[in-house]
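Undergrad: In my numbering, the protein residues as written are 160 to 472. Note that beta-carbon positions come from the ideal geometry of N, C-alpha and C, so glycine has one too. Structure provided below as structure tokens; questions to follow.
This is how it looks when you write it as structure tokens:
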């Protein structure tokens, strides 16, 4: 974290717009990147949209596990739509400016949706824990009212803190440069443009990261320790394989998302670099949402059967 304030050569100014540098350092690849990210966006919308539809219309998937999965797919559509359309416009038109209000709005949505994803993944882990460790109590513990409340809480819990954090960040004055060396309005590259002392804001960011990333990850870790302990005690190898198969998709997504998010937001400030931040951000904002439907489809027999029925119709 930076303890020293920044002292620009000119007067402090409140910027009304920024420039998203994106991938301007590779001008020869602009149209290739446009095509690549366009294809990724279409795959993400189609894949997650399909999962969302089948979890709503397929009778065999009307249970809490797939209700959570449907919400997760909708979340991924929202999440990727906050960054990729703007990136595609910047790559296609080479106009990289973004207003201060639009930049703040983008950051706020990314933070809120990111918090929702962390909580929703924790809720999904808790659902698997109850189903495997307390199967007889599952219908009582995970009744309709409870799983609706868990999903609603996942969507709204991060809003007050993340909106407040965004407001604090954009209440800062910014220095002479208004160039954001990133493809979206992320916290670290924005704070690098701020004038004066930013230690307090960076401390708030770190606390928020612990609250919305580390705590849900810890809950997931505890759930899976108990799940693995229970599964290993099952007498039948078939039962153990079936139990693990219901968790493997979710566990893969958890590793992909939390791995990149924790490295991005909780590693020391001294180890931050623009290139590394871009790669890590691409991973959890673009790549992971694209692979989630594939991961859940390939590792879940119920989803595969529902897809076959939908395609057959």
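Return the residue from the list 318, 356, 463 and 338 that minimises the CA-CA distance to residue 330.
TA: On the chain shown, position 171 is the one that residue 330 refers to. Residue 356 is the option with its Cα nearest to residue 330.
Undergrad: Which first and last residues belong to the alpha helix (DSSP H) in which residue 117 is found?
TA: Not covered by the structure: residue 117. The range shown for the chain is 160 to 472.
Undergrad: Would you call the CB atoms of residue 337 and residue 433 closer than 7 Å?
TA: Taking the chain shown and counting its residues from 1, the one referred to as residue 337 is at position 178. Taking the chain shown and counting its residues from 1, the one referred to as residue 433 is at position 274. For residue 337 and residue 433, no; Cβs fall outside 7 Å.
Undergrad: Kindly list the residues whose CB is nearer than 6 Å to the CB of residue 468, restricted to its own chain and excluding five residues on each side of it in sequence; keep chain order.
TA: Working through the chain shown from its first residue, we reach residue 468 at position 309. Excluding sequence neighbours, residue 468 sits near nothing in its chain.
Undergrad: Give, in chain order, every unbroken run of the beta strand (DSSP E) that is at least 3 residues long and sits entirely within the segment 234–311.
TA: DSSP runs (the beta strand (DSSP E)) wholly in the segment 234–311: 256–258.
Undergrad: Runs of 4 residues minimum, wholly inside the segment 413–455: which ones carry the alpha helix (DSSP H) assignment?
TA: Whole alpha helix (DSSP H) segments, 4+ residues: 433–441.
Undergrad: Taking only the alpha-carbon atoms, compute the straight-line gap between residue 450 and residue 399 and give it to the nearest angstrom.
TA: Walking along the chain shown from the start, residue 450 turns up at place 291. Walking along the chain shown from the start, residue 399 turns up at place 240. Computed Cα separation, rounded: 26 Å.
Undergrad: Below 7 Å between beta carbons: does that hold for residue 372 and residue 420?
TA: Mapped onto the chain shown, residue 372 falls at position 213. Mapped onto the chain shown, residue 420 falls at position 261. In contact: residue 372 and residue 420 (Cβ atoms closer than 7 Å).
Undergrad: Whether or not the segment 280–293 and the segment 202–221 are in contact is what I'm after, with contact meaning three or more pairs of Cβ atoms, one per stretch, closer than 8 Å; do they touch?
TA: Short answer: they don't touch.
Undergrad: Take the Cβ of residue 396 as the centre, count every other Cβ of all protein chains shown within 10 Å, and call the residue buried at 16 or more, exposed below.
TA: If you number the chain shown from 1, residue 396 lands on position 237. It counts as exposed.
Undergrad: Among the candidates 333, 448 and 213, whose CA atom is the shortest distance from the CA of residue 471?
TA: For the purposes of this step, residue 471 is identified with residue 312 of the chain shown, where counting begins at 1. Looking at the Cα atoms, 213 is the closest of the given residues.
Undergrad: Give me the Cβ distance between residue 352 and residue 334, rounded to the nearest whole Å; I'm assuming they're in contact under 8 Å.
TA: Against the chain shown, residue 352 aligns to sequence position 193. Against the chain shown, residue 334 aligns to sequence position 175. Yes, they are in contact, since the Cβ atoms of residue 352 and residue 334 sit about 6 Å apart, within 8 Å.
Undergrad: Helix, strand or coil: how does DSSP classify residue 333 here?
TA: Sequence index remark: in the chain shown, residue 333 carries index 174 (1-based). DSSP places residue 333 in strand when its eight states are reduced to three.
Undergrad: How close, in whole Å, do the beta carbons of residue 317 and residue 264 come, if the pair is a contact with beta carbons under 8 Å?
TA: Here residue 317 refers to the residue found at position 158 when the chain shown is read from its first residue. Here residue 264 refers to the residue found at position 105 when the chain shown is read from its first residue. That pair is no contact at about 16 Å.
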